[in-house]
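What follows is a short report on a single structure.
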Amino acid sequence: MHDFAYHRPQSLEDAANFLRTAEDPLLMAGGQTMIPTLKQRLAAPSDVIDLAEVPGLVMIDVKKAQVSVGAMLTHASVASSPEVQAALPALAGLAGNIGDMHVRNRGTLGGSIANNDPAADYPAALIGLGATVHTSKRQIAADDFFTALFETALAGDEIVTSVDFPVPELAAYMKFDHPASRYAVVGVFIAKFGTDVRAAVTGAGPCVYREAQMEEALTRDFSPSALADMTISPDGMNTDLYAGPEYRANLVKIMATRAVEAALKGGG
Amino acid sequence: MGVDGNYKWVGKRTVRPDGTDKVTGRALFSADSSMPGMLIGKILRSPHAHAKIKSIDTSKAEKLAGVKSVVIGKDFPNLPNKTISIGILAANFSEMSDKLMARKKVLYDGHPVAAVAATTSAIADKALSLIKVEYQVLPHVIDVDEAMKPKAPLLHKKMITVGVDPAPTKASNVASRCEFGFGDLEAGFAAADVIIERTFKTKPAHQGYLEPHGAVVSVAEDGQVTIWCSSQGQFMVRSYCARLMQIDEAQIRVIPAEIGGGFGGKTVIYLEPVAMALSGRAGKPVKMTMTREEVMRATGPTSGTSIDVKLGATKDGKLTAGEAELRYQAGCYPGSPVGPGAMTAFAPYNLENVKTVGFDVVVNRPQAAAYRAPGAPMSEFAVESVIDEMAQKLGMDPIALRELNAAKEGTTAPYGPKFGPIGNEQCLEAAKNHPHYSAPLGPNQGRGVASGFWFNVGGESVASVNINTDGTAVVLSGNPDIGGSRASMAAMAAEVLGIDYDKVRPIVADTSSIGYNDLTGGSRTTFASGMAVCNAATDAVDQMRTRAAKVWDISPDAVEWSEGHARPAGPNAGDFEPMSLADIARTSAKMGGPITGRAAINAQGAAPGFGTHIVDVEVDPETGHVTVLRYTAVQDVGRAIHPSYVEGQIQGGVAQGVGWALNEEYVYGDDGCLQNTGFLDYRMPVASDLPMIDTVIIEVPNEAHPFGVRGVGEVPIIPPLGAVANAVSNAIGVRMTDLPLSPPKILAAIKNGS
Ligand SMILES: Cc1cc2nc3c(=O)[nH]c(=O)nc-3n(C[C@H](O)[C@H](O)[C@H](O)COP(=O)(O)OP(=O)(O)OC[C@H]3O[C@@H](n4cnc5c(N)ncnc54)[C@H](O)[C@@H]3O)c2cc1C
Chain A
1 MHDFAYHRPQ SLEDAANFLR TAEDPLLMAG GQTMIPTLKQ RLAAPSDVID LAEVPGLVMI
61 DVKKAQVSVG AMLTHASVAS SPEVQAALPA LAGLAGNIGD MHVRNRGTLG GSIANNDPAA
121 DYPAALIGLG ATVHTSKRQI AADDFFTALF ETALAGDEIV TSVDFPVPEL AAYMKFDHPA
181 SRYAVVGVFI AKFGTDVRAA VTGAGPCVYR EAQMEEALTR DFSPSALADM TISPDGMNTD
241 LYAGPEYRAN LVKIMATRAV EAALKGGG
Chain B
1001 MGVDGNYKWV GKRTVRPDGT DKVTGRALFS ADSSMPGMLI GKILRSPHAH AKIKSIDTSK
1061 AEKLAGVKSV VIGKDFPNLP NKTISIGILA ANFSEMSDKL MARKKVLYDG HPVAAVAATT
1121 SAIADKALSL IKVEYQVLPH VIDVDEAMKP KAPLLHKKMI TVGVDPAPTK ASNVASRCEF
1181 GFGDLEAGFA AADVIIERTF KTKPAHQGYL EPHGAVVSVA EDGQVTIWCS SQGQFMVRSY
1241 CARLMQIDEA QIRVIPAEIG GGFGGKTVIY LEPVAMALSG RAGKPVKMTM TREEVMRATG
1301 PTSGTSIDVK LGATKDGKLT AGEAELRYQA GCYPGSPVGP GAMTAFAPYN LENVKTVGFD
1361 VVVNRPQAAA YRAPGAPMSE FAVESVIDEM AQKLGMDPIA LRELNAAKEG TTAPYGPKFG
1421 PIGNEQCLEA AKNHPHYSAP LGPNQGRGVA SGFWFNVGGE SVASVNINTD GTAVVLSGNP
1481 DIGGSRASMA AMAAEVLGID YDKVRPIVAD TSSIGYNDLT GGSRTTFASG MAVCNAATDA
1541 VDQMRTRAAK VWDISPDAVE WSEGHARPAG PNAGDFEPMS LADIARTSAK MGGPITGRAA
1601 INAQGAAPGF GTHIVDVEVD PETGHVTVLR YTAVQDVGRA IHPSYVEGQI QGGVAQGVGW
1661 ALNEEYVYGD DGCLQNTGFL DYRMPVASDL PMIDTVIIEV PNEAHPFGVR GVGEVPIIPP
1721 LGAVANAVSN AIGVRMTDLP LSPPKILAAI KNGS
């Protein structure tokens, strides 16, 4: 690690100011991705801005039609919140299956989506539920937020403050986790809002995406059998030390089918 | 005493003496020592799998402020190119030195080429970046079968295969050939009704110790060397450093730190001589610690292998002949465990006709190091898979087939000697009768069984038992405590002395405080060092009996020792009030001085261990994912001195074996460089990956040990590979022969049906 100045701003405004004025600033949430990148020398910031004491970022607000989660809420807190479990079990379940216990105790919603790892779980929930991201500057629809591999619509001095998740009629998330990191080799989030169905896929491609043919088929018939004859093309899918495109394409279909089954059973 | 006795401390679950410090974080591991003025040492490593070193320019690094010394290969003594033995180990110091710091060629990605010592870690890093190495990249070879091909790139231009008659005239990557067995294979196979032939592959697996290698080394102005490090043997470190650096053993003192796992991987050294060279030049102590990436790239995993097995049996299940050819990756220099692999392959079976041939093959990878039961998990995996398939072909129960052909007392082992009393049949019987074996299986589930055999070894050990005047005792032994050995030493000493366990304090002594001990390996510590502790305690008891005899004015032979007291042996000896250990110790100043029991032995009579494992798995037919549902491990340990640590050893071995079977593998790119250098990509199982591992301890005592000990630590990593592969094969109906059984591989097998 190289030397850097460490700041712990007490307001969102101060945090944003550091982002604007420091030479090479980097925000820190739980440090779960950020500290390893420092250790591997992939980043050498001049200033680290810890969001731990910025007020208002650790909140959960559960309403009938919407669950709002603060950017600094840890995965463990989301997973164990009785309100989230009741209103949106698919989201609580997703958070509870991220990484391991240590990662869940430190890792945050804001850090996860700002990082936009192609194998991260939360992006699937944001896309699958059609969420809205609130930042220090504006609101961004999830569909516009995740732009490319490790890229988001966030400006350099923009801070995620919270995410609003609409509560669907039915939803479930299923992932096949990497045996070591527990990141999604493939994860599929399925949600049904009345006649509207969303199917978000993470892990398979360079960035989370919606699988249109699945959404169409499930809109017609929200049942596992609706996906039975579907072929998922492996073109453009990720390959890594663990699995190649064909294996991932197969998983997309299997995880989607299982997510539909789980959603029909009440989600999770 | 006596192997069948009822014991007060042996076999009890006492609290381990090192437990509190390890739980509270007070225990000092290798990286925890520091000295005033200490420098940080770091190593520059080859980025190439195979290359000629054309030049190394360290001048810029040397000029950097804060850099105190820089060393490269030529700064280390050149040593004769021959293998010599030290205790239970054999080593070629010319090769060892070249592995520590490359001379003319780098032989694998991660091979050290230079090292620096500087006042801070950041300066040391900067210095490494200033060293210019010019390489001429050479073609490399990673896979063992590729390396054996006639046109393969050669690692060592002059290497002629040893063990082939007549000796080959051309150099190759095959360092040596070994052969074991007896009987008439042709006749054996002719008598068979069923013959199965298969080829198996396994990947290298890392020992995965949590504590990376580390050392603090101080070379003083008068040349005296002090080394703090964690290893499997402080005397191994001393012997190796003395020979590599050409100084007297008496000038080196190695102080063993606590060890955060070794599993065989710390029976070799990587940093200590480099730190010695750096410290000697700088005139200051040097600390070196590896990163996990360095551990993965440049310390020894066990060999990857390629193995052919041929097995014949009559239709009623009598095995008629077994044959295997084993090809093991040695890494960059000779030294794979193919020998033990070839010796153990068929050892659980009584075969009249058996032959195993092994090849030790160099490849552009880090040197293979020992890993629990070196060589055996792979060869026994191959054989146990074929045994399972044979049972299927014959329509027999797999344990019944094993029982019918089980090696037992009097059976000639495939590697030569006749077995004495062994627990192989007892393990099979216990497995067969275990409720696990008859529990019903659900859909997509499969059950696998496999046996395992390991020699266990003895070797040289020294122990002393100091009796304190307050009636307590300190036990000194010379083996690092890797799996709870302090607790076992204390229990055995307490048993012999007849005092309470918590009155005995076991100490792991440094190389200048106790005589020579072979390292902790081969499952020898509780057997051999335990025997030394028993003998030393008995020596102390004899001295105390002699003192009581003097007080009572009777012959020492008329004094017996029981429950911590000297007592007249029977009515003829006279009528005296028994004297306790504390009574005798209190008066030691008047009775001839301190009481110290000593033993220095080369322990003979190590007795083999056998185990049988049962595992149930469920395979997800749509993804190929395997869930381990239930695991039962049965093992003959001779005597469980401390059952908790015996169970811990068994469970740990199973966990590592399951990882080897299902997940762990080294992934090399086309450039010959390792791609998964950390635990995020190299998956070892964690608690949540495994069910509770049930253990069944069988005790067929080893008569050579005072309490019957055989050794525990190595057998349990052997059966899991075969057991898991058999279970998966049975669940999906396709024989799986290529480890690890990753989900993509299993899914492909399900789809292709082969
Ligand atoms: C071993 C391991 C396993 C993991 N497994 C999984 C898994 O299974 N599934 C999964 O989804 N994830 C997984 N993760 C990722 C983890 O869940 C975290 O979400 C992720 O690492 C981000 O961590 P963090 O919240 O601590 O953010 P940090 O590491 O502190 O920050 C990450 C990045 O986001 C930026 N950032 C942080 N907060 C904000 C904000 N409010 N506004 C704008 N930018 C911000 C930072 O500057 C940084 O660039 C794993 C991580 C590890 C280390």
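Line by line, the protein sequences give chains A and B.
Residues 1 to 268 in this note's numbering are what the first sequence lists, from first letter to last.
Residues 1001 to 1754 in this note's numbering are what the second sequence lists, from first letter to last.
By construction, the Cβ of each residue, glycine as well, lies at the ideal position given by its N, Cα and C atoms.
Note that this is a predicted model, so its numbers are computed, not measured.
* Does the distance from the C-beta atom of Gly-1609 of chain B to that of Pro-1414 of chain B stay below 7 Å? -> By the CB criterion at 7 Å, Gly-1609 of chain B and Pro-1414 of chain B fall outside the cutoff.
* Would you kindly check if the distance between the Cβ of Val-1106 of chain B and the Cβ of Ser-1046 of chain B is under 7 Å? => yes
* **Per-residue contacts from Ser-1679 of chain B into chain A (C-beta, under 8 Å)** => For the sequence presented, residue 1679 of chain B should be read as Phe rather than Ser. The answer, in chain order, is Ala-180.
* Return yes when the C-beta of Tyr-6 of chain A is under 6 Å from any heavy atom of ligand 1, and no when it is not. => Result no, Cβ not under 6 Å from ligand 1.
* Can you find a C-beta in chain A that's less than 7 Å from the C-beta of Val-1667 of chain B? -> yes
* Within the present structure, is the beta-carbon of Gly-110 of chain A separated from the nearest heavy atom of ligand 1 by less than 6 Å? -> yes
* To do: Indicate the three-state DSSP secondary structure (helix, strand or coil) for Trp-1454 of chain B in the structure shown.
  => strand
* **Residue-chain proximity (Met-1001 of chain B, chain A), Cβ-Cβ < 7 Å** => Confidence in Met-1001 of chain B is poor, its pLDDT being 47 and thus under 50, which makes the residue's placement unreliable; the coordinate value appears in the next sentence. Against chain A, the CB of Met-1001 of chain B has no partner CB under 7 Å away; the residue lies outside that interface.
* beta-carbon Arg-182 of chain A near ligand 3 non-hydrogen atom, thresh 6 Å -> Summarising the ligand content, the structure contains ligand 1 and does not contain ligand 3.
* **Local conformation of Leu-1326 of chain B per DSSP, three classes** => Per DSSP, reduced to three states, the secondary structure at Leu-1326 of chain B is strand.
* Using Cβ-Cβ distances below 9 Å, what residues of the stretch 1573-1606 of chain B are close to chain A? -> none
* By the criterion of Cβ-Cβ separation under 7 Å, what are the contact partners of Leu-241 of chain A in chain B? -> Val-1667, Gln-1675, Asn-1676, Asp-1681
* To do: Identify, in the order they occur along the chain, each residue of the same chain with its Cβ nearer than 6 Å to the Cβ of Glu-1294 of chain B, setting aside the five sequence neighbours on each side.
  => none
* **Phe-1263 of chain B (DSSP reduced to helix, strand or coil)** => Three-state DSSP puts Phe-1263 of chain B in coil, outside helix and strand.
* Which runs of the alpha helix (DSSP H) fall wholly inside the stretch 101-186 of chain A and span at least 4 residues, in chain order? -> 101-106, 109-115, 122-129, 142-145
* Compare the C-beta of Asn-1663 of chain B against all C-beta atoms of chain A and say whether one is closer than 7 Å. => yes
* Asked: Are Ala-29 of chain A and Leu-12 of chain A closer than 7 Å when you measure CB to CB?
  -> no
* Could you give the residue range of the beta strand (DSSP E) that holds Val-260 of chain A? -> Run containing Val-260 of chain A: none in the beta strand (DSSP E); it sits in the alpha helix (DSSP H), 245-264.
* Asked: At a Cβ cut of 8 Å, what residues of the stretch 246-264 of chain A count as close to chain B, listed as they run along the chain?
  -> Tyr-247, Asn-250, Leu-251, Ile-254
* Would a check of beta-carbon distances place Phe-145 of chain A closer than 7 Å to chain B? -> Closer than 7 Å: no.
* Asked: Can the beta-carbon of Gly-1758 of chain B be found less than 7 Å from the beta-carbon of Ala-1321 of chain B?
  -> Lying before the first or after the last residue shown, residue 1758 of chain B is absent from chain B, which here runs from 1001 to 1754.
* Exposed unless 16 or more other CB atoms sit within 10 angstroms - verdict on Asp-1184 of chain B -> exposed
* **Cβ neighbours of Asp-1519 of chain B in the same chain (closer than 6 Å, five flanking residues each side left out)** => It is Leu, not Asp, that sits at residue 1519 of chain B in the sequence shown. Taken in chain order, the residues that qualify are Gln-1232, Gly-1233, Met-1236, Thr-1267.
* For Asp-1755 of chain B, the three-state DSSP class (helix, strand or coil) -> As displayed, chain B neither begins before 1001 nor continues past 1754, which places residue 1755 of chain B out of reach and without an answer.
* Starting from the N-terminal side, write out each stretch of the alpha helix (DSSP H) that is 4 residues or longer and does not extend beyond the stretch 1376-1432 of chain B. => 1376-1394, 1398-1404
* To do: Answer with buried or exposed for Leu-241 of chain A, where buried requires no fewer than 16 other C-beta atoms within 10 angstroms of its C-beta.
  => exposed
* Asked: Pro-1744 of chain B CB to nearest chain A CB: under 7 Å?
  -> yes
* To do: May I ask you to report which of helix, strand or coil DSSP gives Arg-1238 of chain B?
  => DSSP places Arg-1238 of chain B in helix when its eight states are reduced to three.
* Contact check, Thr-1511 of chain B vs Val-1254 of chain B under 8 Å by CB: the rounded distance? -> 5 Å
* Step through the CB atoms of chain A and report whether any lies within less than 7 Å of the CB of Glu-1622 of chain B. => yes
* **Helix, strand or coil at Lys-1099 of chain B [DSSP, three-state]** => helix
* Proximal residues of chain A, C-beta to C-beta of Leu-1747 of chain B below 9 Å -> Tyr-247, Asn-250
* Continuous alpha helix (DSSP H) stretch holding Ser-1729 of chain B: start and end -> 1719-1732
* To do: Out of B:Ser-1729, B:Ala-1450, B:Gly-1037, B:Ala-1382, state which residue places its alpha-carbon closest to the alpha-carbon of Glu-1323 of chain B.
  => Nearest option by C-alpha distance: B:Ala-1382.
* Rounded distance between the beta-carbons of Arg-1547 of chain B and Gly-1593 of chain B, thought under 8 Å -> About 11 Å separates the two Cβ atoms, so there is no contact after all.
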